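Note that the protein sequences, when read in sequence, are chains A and B. For the first sequence, position 374 (counting from the first letter as 1) is numbered 603 according to the working numbering, and the numbering increases by one without interruption. For the second sequence, position 299 (counting from the first letter as 1) is numbered 870 according to the working numbering, and the numbering increases by one without interruption. Glycine residues also receive a C-beta, built at the ideal position from the N, C-alpha and C atoms. On a predicted model such as this, the values are computed, not experimentally measured, just so you know. Reading through the structure tokens given below for one structure.
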Amino acid sequence: MTVHDMKHAASDSARLEAVGGRLSRVDGPAKITGAAKYAFEQQLEGLVHAVLVGATIAAGKVSAIDRRAAETAPGVLAVLTPDTIMELKGASDWLGNPPSQQTYNPLAREVTYSGQHIAAVVAETFEQAVAAAALLKVWYDETPAIVDLSDGKAGDGIPIDAMTKEWGDAQAAFAAAPVRICAAYNTPREFQAAMEPHGLIARWEGDELTIWEPSQWLDGMARTYAEWFGVPFENVRLVSPYIGGGFGSKALALAHSAVAAAAAKMLGRPVKLVLNRPQNFTSYGGRAATRQTVAIGADRDGRIQSIVHRGVNETAVDGMWVEPLGSVTSIMYATPNFSSRQNVVRVNTVVPGAKRAPGENPSAFGIECAIDELAYELGIDPLEMRLINYAEQDPHTKKAWSTRQLREAFAAGAEAFGWAKRPPEPRSMRDGHQLIGWGVAAGTYPVRRAHGEAVVKILADGSVEVESSSIDMGQGTYTILAQTAAETLGVPVERVSVKLGDSHFARAGVTGGSRLAGVMTGTVYKAAGQALDELIGLALSDPRSPFQALQANTLQVRDGRIASPRGEGPELSIAEFMAAIGRDQIEAKGDTLPASTTAEERYKNYTTIAMSIPHTDGDYSRYSWCAHFVEVRVDEDFGTVRVSRVVSALDSGRLYNPKLAESQWKGGIIMGIGQALLEEGIVDRRHGRIVNGNFADYMLPTNADIPDIQTISVGIPDPHSSALGGKGVGELAIVGIAPAIANAVFHATGKRVRDLPITLEKLI
Amino acid sequence: MRDFSYLRADSIEAARNAAALPGAMLLAGGTTLIDLAKCGVAEPSTVIDISHIEGLNAIDVTADRAVIGALARMSHVADNPRVKSLFPAVSEALWQAASAQLRNMATIGGNLMQRTRCPYFRDPQNFPACNKRAPGSGCSAIGGVTRGHAVLGVSEACIATYPGDLAVALVAFDAEVDLGQRKLKIEDFFLAPGATAEREHDIHPGEVITAIEIPGSAAARRSTYIKVRDRQSYEFAAASAAVGLELEGDGRTVRDIRVALGGVATKPWRVRAVEDALKGKALSEDTIRKASELAMEGAVDHGANHYKIALAPRVIARSILKLGETA
Ligand SMILES: Cc1cc2nc3c(=O)[nH]c(=O)nc-3n(C[C@H](O)[C@H](O)[C@H](O)COP(=O)(O)OP(=O)(O)OC[C@H]3O[C@@H](n4cnc5c(N)ncnc54)[C@H](O)[C@@H]3O)c2cc1C
Ligand code: SF4
Chain A
230 MTVHDMKHAA SDSARLEAVG GRLSRVDGPA KITGAAKYAF EQQLEGLVHA
280 VLVGATIAAG KVSAIDRRAA ETAPGVLAVL TPDTIMELKG ASDWLGNPPS
330 QQTYNPLARE VTYSGQHIAA VVAETFEQAV AAAALLKVWY DETPAIVDLS
380 DGKAGDGIPI DAMTKEWGDA QAAFAAAPVR ICAAYNTPRE FQAAMEPHGL
430 IARWEGDELT IWEPSQWLDG MARTYAEWFG VPFENVRLVS PYIGGGFGSK
480 ALALAHSAVA AAAAKMLGRP VKLVLNRPQN FTSYGGRAAT RQTVAIGADR
530 DGRIQSIVHR GVNETAVDGM WVEPLGSVTS IMYATPNFSS RQNVVRVNTV
580 VPGAKRAPGE NPSAFGIECA IDELAYELGI DPLEMRLINY AEQDPHTKKA
630 WSTRQLREAF AAGAEAFGWA KRPPEPRSMR DGHQLIGWGV AAGTYPVRRA
680 HGEAVVKILA DGSVEVESSS IDMGQGTYTI LAQTAAETLG VPVERVSVKL
730 GDSHFARAGV TGGSRLAGVM TGTVYKAAGQ ALDELIGLAL SDPRSPFQAL
780 QANTLQVRDG RIASPRGEGP ELSIAEFMAA IGRDQIEAKG DTLPASTTAE
830 ERYKNYTTIA MSIPHTDGDY SRYSWCAHFV EVRVDEDFGT VRVSRVVSAL
880 DSGRLYNPKL AESQWKGGII MGIGQALLEE GIVDRRHGRI VNGNFADYML
930 PTNADIPDIQ TISVGIPDPH SSALGGKGVG ELAIVGIAPA IANAVFHATG
980 KRVRDLPITL EKLI
Chain B
572 MRDFSYLRAD SIEAARNAAA LPGAMLLAGG TTLIDLAKCG VAEPSTVIDI
622 SHIEGLNAID VTADRAVIGA LARMSHVADN PRVKSLFPAV SEALWQAASA
672 QLRNMATIGG NLMQRTRCPY FRDPQNFPAC NKRAPGSGCS AIGGVTRGHA
722 VLGVSEACIA TYPGDLAVAL VAFDAEVDLG QRKLKIEDFF LAPGATAERE
772 HDIHPGEVIT AIEIPGSAAA RRSTYIKVRD RQSYEFAAAS AAVGLELEGD
822 GRTVRDIRVA LGGVATKPWR VRAVEDALKG KALSEDTIRK ASELAMEGAV
872 DHGANHYKIA LAPRVIARSI LKLGETA
């Protein structure tokens, strides 16, 4: 792949609508005015409502459920229990591995976590369903639960050999190093906490199923539904026009989704099921709690000799989640000796899942705090420390970086922040009762790549339609795809309408791992290019074309008008031209897969993640990079930490729309501030139950917690990462914020807090 | 459906009569009542909407006293210029409470009646045991997650924190609650749990709060409310203090001082021990910090809330220091 050589890209990039222009979100007005209709806001005739009942124990068996009172309550249509819900087939996992069980029951007889769905009530109205659900009587045989990583019964867990990364002799080199630090870093269970809850409407017409559900992956979820109900993939249509936040949580069809679709099938009525707020903390997994130890041995000049890293994350009793804790540890710094290993520990929780930068985020918390500790140990400036150990190539694969503007990020961030004025000693800056501290940390995220498909239509009136089953959850897909099509075709951006969020559109893989923008801009660029070729081909060759007489070998389209490059001959708008040749549309379907791809491979490509292209494929190692500089103010009496300044310099390669990229970066930084200071799922250890599963008690930052944030783009187009030269944006900026804050807190107070979140009692 | 009847009262008389019915609850701004109904904690059989009663939202402030109608909105009281100048701690307690949206809806009467944020109290489905909800059923919090629970005024029956802010300022300045037929000192209106955790207020069926009255004083004029919490806004207090200070002519010696604590006790907590230790003394940081420690006499922690014992005296000290600086 080469960086797309767009003539007008270079000259027009100042234009708002061009790729690289700061066009505002095209979906903004609809969202602000409330006109945007989210998935489960559809009004359907005959709609009925399902409400779930969750287990109140964390481990054991449901021994009996008394349904009588609920069944006779007003409006109740069905009470579903493990015994009365229809049997579903097992579905393959997201890698496409076949199911371990032939059948699947989304309501549990064997309870493995508190809140697990054990029954559902369907009624004519939502209120009736809620009231009847409270009438179910449930008996359990409770068994002891393993509540969290520190539970005595938890043990050391299961080694995950695939996570092992080793070179040199790390233990011996650490033992021999003249300077050593070793510390343990913990992150708690965190939740995605999207504003829009999970939920869906399911409707069957014969054996065709339509699902309106917020989704980060229409094709993947449609496959799961199709497998559960044993219907062809094409029979399932998933609709997800807007998504009110996903952060990794909305990529899979989950147990509650199955309950709603089964209820709709059993009753022959469309069913709406929306998780209430507490259920959004127990029905799907947030970020797993993690523990890491990082040991670094260095020589007296600060050159790292060895890194020994051990990590543990929690997973479920009946589900596997690996949060790759050595992902940043193994690539951030040059070291001749390295060892990272990881275990997972089964506890009684819903299986943890992806939350923004799974793996990289907690991994960076460990290594980026540890390098700071080493810097203080040696009396070396923490920024200098990072430069001394700068990795000129990928230390793990030994491949060249595709692009790594991290040095530039350190320089630009330090300059804008005023890092040079930092006094080295902790507790050396104050303002009244506020101790002030400065911290730095780096972050990174791999460039995940995949293939996509898009349809581009040029219509009779000269307008353009782009269709794709990819989605926009606020990150700006509608906008950048409109920009890409407009620029490629040479039409004004307001003449382009982008249609997303329908699994019957041209297919797309998962929106996760910061891959969508790179994949889909490349795909739309290709499809739009094909449409343009066809348009120009027709203009040159169609007997009815006014350009035919020109005998030119090419034409150009600008601002929606067709003309010869030198301007001689006729000039027509696309609409006039379409009328002249009597066409009502030109349609091109483009994809980035090799032509030899079989139908089966295509299906697998869009409905599983098995065909993602590794970021270290070929000669290069591809990552986005960033450097965060943070100022905190810590009240010396109260221990309260407030972030007063953030400057981040980031390398996401070429930005398709800097305004949207900056928003994504800032969103990541804000989420990182929450992670550093506030967020924690608090478990009652007697019951294995989250007790703060609501937005009043699960603390997320408010506006008052967020200072002005300055972001600086230091990226250059990366030809090895994507068709148009961009790298990942969405997850990058959350990586490294928490350690930058923890490092700043140390600089302010002289106290090292290695357990997130840094709440006030840890500092008083 | 959980059915209930809805009644709109257009006079205090009508509200009182209806409130005497069994299972009746008043509805003012609804920010507590509807929230608790959704959690399954409040299950009224009759909801009496008092929000349309005329004349109950007046805010009448003179140097002598503030009289605030029960239906006055939190945001209106917080922004009232005379409240700000004559009772700054009251204004500060209000604007640091809840969120802007809630303050625009919530009333002063409802605010006094807000319930604890104890997570066990708010989740009857998962935690049936709660003496406050179901007398005699036990306390789920003791032995559980207690980071937000009280260290002062606790009993074996209940350790739930009184969560509000306004009432902390009110107890500091000897405010009274007007229930129509009777008036009570705010300190007596709130009840510590003892063996009857379910009784939080000295109010009887059929009684309606009509107003609160706060006597004016030099200490109220020079007062402040400091609220400490992990999140900068929209969080209940980890610890808070309402403090008022009147100094002698020398600008150093304490003539009158009022100190009350929030976020650490089972009711809004007046701390006379600190007041007594400082009255007649010349202020210095050292004296202030030492005296503030007296607030924690009798404090009992349950593990995760231990930090409150260290934190609360610092909040008091900082409040006094702040007032001392603004002489
Ligand atoms: C998320 C959240 C955060 C919050 N944060 C804070 C905070 O930081 N600090 C703080 O102080 N508060 C906080 N609150 C509580 C808030 O201040 C109260 O909910 C509010 O003041 C209640 O007033 P209301 O008019 O809405 O009461 P309602 O909900 O209408 O009524 C509450 C109760 O009072 C009774 N009642 C109402 N009026 C009268 C009357 N005149 N006489 C007798 N009984 C009456 C009702 O019957 C009901 O039982 C928070 C609330 C929420 C939901
Ligand atoms: S502390 Fe009080 S309110 Fe909380 S569970 Fe115990 S009795 Fe109930």
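Can you tell me whether DSSP reads B:I730 as helix, strand or coil? Locating residue 730 of chain B in the second sequence gives position 159, where the first residue counts as 1. Of the three classes helix, strand and coil, the one that applies to B:I730 here is coil, per DSSP.
Cβ of A:N921 less than 8 Å from any chain B Cβ? Here the question's residue 921 of chain A lines up with position 692 in the first sequence. Chain B, which has a Cβ nearer than 8 Å to the Cβ of A:N921, makes this yes.
Classify A:Q521 as helix, strand or coil using the three-state DSSP reduction. The residue you call residue 521 of chain A lines up with position 292 of the first sequence. In the structure shown, A:Q521 sits in a strand (DSSP, three-state: E or B).
Mind listing which residues of the region 701-726 of chain B have their C-beta closer than 9 Å to chain A's C-betas, in chain order? S711, G714, G715, V716, R718, G719
Is there at least one non-hydrogen atom of ligand 2 closer than 7 Å to the beta-carbon of B:I785? Numbered from 1 along the second sequence, position 214 holds the residue referred to as residue 785 of chain B. B:I785 Cβ: outside cutoff for every heavy atom of ligand 2.
At a threshold of 7 Å, does B:A677 count as lining ligand 1 (C-beta to nearest heavy atom)? For the purposes of this step, residue 677 of chain B is identified with residue 106 of the second sequence, where counting begins at 1. Within the cutoff, so yes.
Are the beta-carbon atoms of A:A962 and A:I898 separated by less than 8 Å? Translated into positions along the first sequence, residue 962 of chain A becomes position 733. Translated into positions along the first sequence, residue 898 of chain A becomes position 669. In contact: A:A962 and A:I898 (Cβ atoms closer than 8 Å).
Quick one: does A:E990 have its CB under 8 Å from some CB of chain B? Along the first sequence, read from residue 1 onward, the residue named residue 990 of chain A stands at position 761. Cβ-Cβ to chain B under 8 Å: yes for A:E990.
Taking the runs of the beta strand (DSSP E) that are 3 residues or longer, which of them lie wholly in the region 241-311 of chain A? 277-283, 289-295, 305-309
Tell me whether the beta-carbon of A:H662 lies closer than 8 Å to the beta-carbon of A:E371. For the purposes of this step, residue 662 of chain A is taken as residue 433 along the first sequence, with counting starting at 1. For the purposes of this step, residue 371 of chain A is taken as residue 142 along the first sequence, with counting starting at 1. Not in contact: A:H662 and A:E371 (Cβ atoms no closer than 8 Å).
Taking C-beta to C-beta, are A:G582 and A:G515 nearer than 8 Å? Position 353 of the first sequence holds residue 582 of chain A. Position 286 of the first sequence holds residue 515 of chain A. Going by C-beta atoms, A:G582 is nearer than 8 Å to A:G515.
Establish whether the CB of B:A595 and some CB of chain A are separated by less than 8 Å. Here the question's residue 595 of chain B lines up with position 24 in the second sequence. It does not; no Cβ of chain A falls within 8 Å.
Could you check which residue in B:C710, B:V830, B:G611, B:E868 has the C-alpha nearest to that of B:Q696? The residue you call residue 696 of chain B lines up with position 125 of the second sequence. Selected option, being the one with the closest Cα: B:G611.
Contact residues within the region 786-797 of chain B, judged by C-beta distance below 7 Å to chain A: none
Quick check: is the beta carbon of A:L245 nearer than 8 Å to any beta carbon in chain B? As a working note, residue 245 of chain A is residue 16 in the first sequence. No, no contact with chain B.
Taking CB distances under 8 Å as the criterion, tell me whether A:T911 reaches chain B. Walking along the first sequence from the start, residue 911 of chain A turns up at place 682. In the sequence on display, residue 911 of chain A carries Ile and not Thr. Yes, A:I911 counts as interfacial toward chain B.
Considering only their Cβ atoms, is the gap separating A:L822 from A:V786 smaller than 8 Å? If you number the first sequence from 1, residue 786 of chain A lands on position 557. If you number the first sequence from 1, residue 822 of chain A lands on position 593. No. Outside cutoff.
Helix, strand or coil for B:V799, going by three-state DSSP, please let me know. Within the second sequence, the letter at position 228 stands for residue 799 of chain B. DSSP places B:V799 in the strand class (E or B) of the three-state scheme.
Distance cut-off 7 Å: B:G735 Cβ against heavy atoms of ligand 4: You won't find ligand 4 in this model; what it holds is ligand 1 and ligand 2.
Just how far apart, CA to CA, sit B:G851 and B:F744? Translated into the one-based positions of the second sequence, residue 851 of chain B becomes position 280. Translated into the one-based positions of the second sequence, residue 744 of chain B becomes position 173. If you draw a straight line from the Cα of B:G851 to the Cα of B:F744, it is about 19 Å long.
What is the residue span of the alpha helix (DSSP H) that A:Q400 lies within? As a first step, residue 400 of chain A is located in the first sequence; it is residue number 171 there, counting from the start. Where A:Q400 is concerned, the enclosing alpha helix (DSSP H) stretches over 399-405.
Verify the contact flag: B:D581, CB atom, against every heavy atom of ligand 1, threshold strictly below 7 Å. Reading the second sequence from its first residue, position 10 is the one you call residue 581 of chain B. Shortest gap from the CB of B:D581 to any heavy atom of ligand 1: 7 Å or more.
Counterpart residues of B:M596 in DSSP-defined beta bridges: Numbered from its first residue, the second sequence carries residue 596 of chain B at position 25. BP columns for B:M596 point to B:V618.
Whose C-beta lies closer than 8 Å to the C-beta of A:A402 among residues of the same chain, with five residues either side of it excluded? If you number the first sequence from 1, residue 402 of chain A lands on position 173. Excluding sequence neighbours, A:A402 sits near G526, Q534, S535, P565, N566.
In chain order, each alpha helix (DSSP H) run of at least 4 residues that lies wholly inside the region 351-384 of chain A: Whole alpha helix (DSSP H) segments, 4+ residues: 355-362.
Can you give me the start and stop residues for the alpha helix (DSSP H) that A:L769 sits inside? As a position in the first sequence, residue 769 of chain A is number 540, starting the count at 1. Per DSSP, the continuous alpha helix (DSSP H) segment holding A:L769 begins and ends at 745-770.
If you measure from the beta carbon of A:I1017 to each beta carbon in chain B, is any gap under 8 Å? With chain A covering 230 to 993 only, the question about residue 1017 of chain A has no answer from this structure.
Please determine whether the Cβ atom of B:T687 lies at a distance below 7 Å from any heavy atom of ligand 2. For the purposes of this step, residue 687 of chain B is taken as the residue at position 116 of the second sequence. Checking every heavy atom of ligand 2 against the Cβ of B:T687, one is found closer than 7 Å.
Beta-carbon spacing of A:R915, B:G715 below 8 Å: Taking the first sequence and counting its residues from 1, the one referred to as residue 915 of chain A is at position 686. Taking the second sequence and counting its residues from 1, the one referred to as residue 715 of chain B is at position 144. Yes; because the gap between Cβ atoms is below 8 Å, this pair is in contact.
Could you tell me whether any Cβ in chain B is nearer than 8 Å to the Cβ of A:T341? Numbered from 1 along the first sequence, position 112 holds the residue referred to as residue 341 of chain A. Cβ-Cβ to chain B under 8 Å: no for A:T341.
Can you list, in chain order, the residues of the region 282-299 of chain A whose Cβ is nearer than 7 Å to any Cβ on chain B? T285
Let me check one thing: in DSSP terms, what residues is A:A671 bridge-paired to? For the purposes of this step, residue 671 of chain A is taken as residue 442 along the first sequence, with counting starting at 1. In the DSSP output, where bridge partners are listed per residue, A:A671 has A:A856.
For the putative contact between A:L953 and A:T750, defined by C-beta atoms under 8 Å, what is the C-beta separation to the nearest angstrom? For the purposes of this step, residue 953 of chain A is taken as the residue at position 724 of the first sequence. For the purposes of this step, residue 750 of chain A is taken as the residue at position 521 of the first sequence. Confirmed, about 5 Å.
Check: B:N702 C-beta below 7 Å from any heavy atom of ligand 2: Residue 702 of chain B sits at position 131 when you count from the first residue of the second sequence. The answer is yes for B:N702.
Spell out whether any CB of chain A is found under 8 Å from the CB atom of B:A738. By one-based count along the second sequence, residue 738 of chain B stands at place 167. Answer no: the Cβ-Cβ gap between B:A738 and chain A never drops below 8 Å.
Less than 8 Å between CB atoms is the rule here; does A:R659 satisfy it with respect to chain B? On the first sequence, position 430 is the one that residue 659 of chain A refers to. Chain B contact via Cβ: absent.
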